[in-house]
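Structure, as structure tokens:
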Amino acid sequence: MSTKVYSLADVKAHTTDKSCWLVVHGKVYDVTEFLEEHPGGYDIILTSTGKDATQDFEEIGHSNSAKKLLDKYLIGDYEGGDSAPAAAQVPPQSRNAQKQQAQKGAATRTFHVVLPLLILLVALALNFYFSRR
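Here this note's numbering is used: the first residue of the sequence shown is 1, the next is one more, and so on.
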């Protein structure tokens, strides 16, 4: 029995919560039934539809059990093949380091916004206090 091969046009026709296909490592998966069960919410999956989602899938750092779960939803091969084979070989420690670096960056950006606002608020409060005297 041969495996069905899907084109990018085929995949792009299934980008909604009613029919959701993903391409990961050269395979096409119909994950429509899984959308409501996805721990990160279905909207995260929908942002990766209509294209090769291998990089998105690997950057999240899915567990081995999550990767095995994909087998349940396999419907065929992608005619574009596996466009990101190197992503599969990134060690989990490296992905964790990347996640931690991204979190540090977000915290730093937040600090750069909150601190100036706090200084401004204190300055306005002092100005108001001393202008009343």
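Note that beta-carbon positions come from the ideal geometry of N, C-alpha and C, so glycine has one too.
The DSSP-derived three-state label of T15 is strand.
Between L46 and T3 a beta carbon distance of about 25 Å is seen, past the 8 Å cut, so the two are scored as non-contacting. With respect to the C-alpha of W21, the residue from I75, G81, D82 having the closest C-alpha is I75.
When the alpha-carbon of D77 is set against those of N64, K27, I119, F111, the nearest one is in K27.
In its own chain, leaving out the 5 sequence neighbours on each side, no residue places its CB closer than 7 Å to the CB of D10. Around the Cβ of A66, a 10 Å sphere holds fewer than 16 other Cβ atoms; the residue is exposed. In the DSSP assignment, D30 falls within the beta strand (DSSP E) that extends over 27-30. Distance from the CA atom of G81 to the CA atom of R109, rounded to whole angstroms, is 38 Å.
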